[in-house]
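Residue numbers (my numbering): 7 to 252.
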Ligand code: URA
């Protein structure tokens, strides 16, 4: 698996050998990538190229590898509509990992989830192989708001809402955590906006005000909602990281 690292584009991109481009995109070992090209299985912008050393600018290059159409991204940042029943852990236990929902090249690139969603939580999850971007997106300094649609067991009331906005104390930290917004959509549906990402934060905050989370869906990160046409289990490139940065 390719290591997570800084893959920032230099200001002057340099052409690279096609086999190297395939390797960096996650299509196999260097040898396998050379073989794919050599055997005529790789097309660049619709034309077969069978010279592994033929050079191209990688970022944005449209290729097809053994029939799989691929737009090369030097840095991978993707959004996934996470369904229930998948773990975000890189070493999943009882449930399959979210990586199983990504195509093989992205799995090989070792993308890491930007924060985690519980196995039973659905909604927007970002994954990247860019170390500095991951740090930026997860740093508590950056306060990226995340919106959760929370279905609760007991009817919501103003007392619970006020407590969530004023701050509640969780068991691992004496410092209260507060919601940026807590809108009662209906008796059992709360729309909660958080800027921190503590372990089981929504479930623990709701427990702290005497309620219980029955279902949880992350509907937005920063300015990025779950796209209407991104079904549970589907992924898509996120080409504009500014949408999820403050
Ligand atoms: N808070 C939780 O309790 N669970 C999640 O999956 C995300 C936020």
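A virtual CB, placed ideally from N, CA and C, is assigned to each residue, including glycine.
Backbone secondary structure at residue i - three-state DSSP
{"i": "residue 46", "result": "coil"}
{"i": "residue 197", "result": "strand"}
{"i": "residue 11", "result": "Bear in mind that the predicted position of residue 11 carries a pLDDT of just 49, short of 50, making it unreliable; the figure below should be weighed with that in mind. Note: residue 11 maps to strand in three-state DSSP."}
{"i": "residue 229", "result": "coil"}
{"i": "residue 137", "result": "helix"}
{"i": "residue 157", "result": "strand"}
{"i": "residue 165", "result": "helix"}
{"i": "residue 38", "result": "helix"}
{"i": "residue 102", "result": "coil"}
{"i": "residue 222", "result": "strand"}
Short Cβ contact (9 Å threshold) for residue i with residue j
{"i": "residue 114", "j": "residue 239", "result": "no"}
{"i": "residue 155", "j": "residue 129", "result": "yes"}
{"i": "residue 208", "j": "residue 191", "result": "no"}
{"i": "residue 200", "j": "residue 151", "result": "yes"}
{"i": "residue 103", "j": "residue 126", "result": "no"}
{"i": "residue 84", "j": "residue 242", "result": "yes"}
Closest Cα partner of residue i within the set the options
{"i": "residue 175", "options": "214, 66, 50 and 138", "result": "214"}
{"i": "residue 194", "options": "163, 171, 83 and 177", "result": "163"}
{"i": "residue 182", "options": "74, 161 and 211", "result": "211"}
{"i": "residue 45", "options": "93, 68, 72 and 62", "result": "72"}
{"i": "residue 248", "options": "143, 196, 208 and 222", "result": "143"}
{"i": "residue 51", "options": "135, 63, 166 and 244", "result": "63"}
{"i": "residue 135", "options": "31, 19, 20 and 22", "result": "31"}
{"i": "residue 76", "options": "110, 101, 58 and 103", "result": "110"}
{"i": "residue 160", "options": "54, 221 and 38", "result": "221"}
Per-residue burial, residue i [other beta carbons within 10 Å of its own, 16 or more giving buried]
{"i": "residue 96", "result": "exposed"}
{"i": "residue 189", "result": "exposed"}
Residue i Cβ short of 8 Å to ligand 1 heavy atom set
{"i": "residue 132", "result": "no"}
{"i": "residue 122", "result": "yes"}
{"i": "residue 207", "result": "yes"}
{"i": "residue 127", "result": "yes"}
{"i": "residue 216", "result": "no"}
{"i": "residue 268", "result": "The displayed coordinates of the chain run from 7 to 252. Any statement about residue 268 would go beyond what the structure contains."}
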